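Okay, so here's the structure we're looking at.
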Amino acid sequence: MTASTKITAMLGDLHEGRPGAEAELLPYVYTQLRKIAARHFAHERPHHTLTPTDLLHETYLRFIKPGSGPWKDRQHFFALASRAMRQVLVDYARARLSKKRSVAFASVDLDQVLVCSPETSNLILDVDRALTQLSKLSRRQSRIVELRFFAGLSLHETAAVLHVGVTAVKTDWALAKAWLARELKRPS
């Protein structure tokens, strides 16, 4: 049994509420979840009070529990975990910004790691708003951004998760990056 097949089987066990499934799953997914959390943190301001490990653990507590799922496979699980991490960061940013109401704008290039400074602490909220708006225009483009940029899936993995061709992913990825770059440069 491959690691991917084993993870998919463990996810099924977790969904069915099998005792011990959560503890059994963690060693198999922790490293990849940590990489996804680190990718999300590349977009955060320096000196953030959360760490990638904090993000991973908070997401794990919210997202992975007996009866959760169902997940189609390993890729689907990691894509949804990435979305859950994004939501944790959005919730955290909203709470932080409700305490201090500062607004800053940053230029964003989605081909590069987002460069953040202390003035751009609300960037995650801007990205979330832009992705929410993009999902109203093109649900698939929004999902491609989540899968490629946040979850770190390849073009082929993204195509497999979305059940579309690689060419469609390439085209939608280019369109989504251009649209998001324009939206993120616009004042809110």
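Heads up, the sequence shown is in our numbering, so the first residue is 11 and it goes up one at a time.
All C-beta atoms, glycine included, are put in the ideal place defined by N, C-alpha and C.
Keep in mind that this is a model prediction, so the values were computed, not measured.
Taking 7 Å as the cut-off, the Cβ atoms of A161 and A103 do not count as close.
The closest CA to that of M95, considering only L43, R84 and S78, is found on L43. Collapsing the DSSP output to three states places T41 in a helix. Under the three-state reduction of DSSP, S78 is assigned to coil, being neither helix nor strand. The stretch 62-80 makes no contact with the stretch 132-146; the number of CB pairs closer than 8 Å stays below 3.
As the crow flies, the alpha-carbon of T181 is around 21 Å from that of H86. In this structure, R93 is the residue among S145, H173 and R93 with its C-alpha nearest to the C-alpha of L157. With a 10 Å radius around the Cβ and a threshold of 16 neighbouring Cβ atoms, A188 comes out exposed. The alpha-carbon of H25 is positioned some 10 Å away from that of E32. Look at D64 here: in three-state DSSP terms it is helix. If you check the CB distance, V179 and T168 come in under 7 Å. DSSP places G22 inside the alpha helix (DSSP H), whose first and last residues are A13 to H25. Membership of S164 in any alpha helix (DSSP H) is not indicated, and neither H nor E is assigned to it by DSSP.
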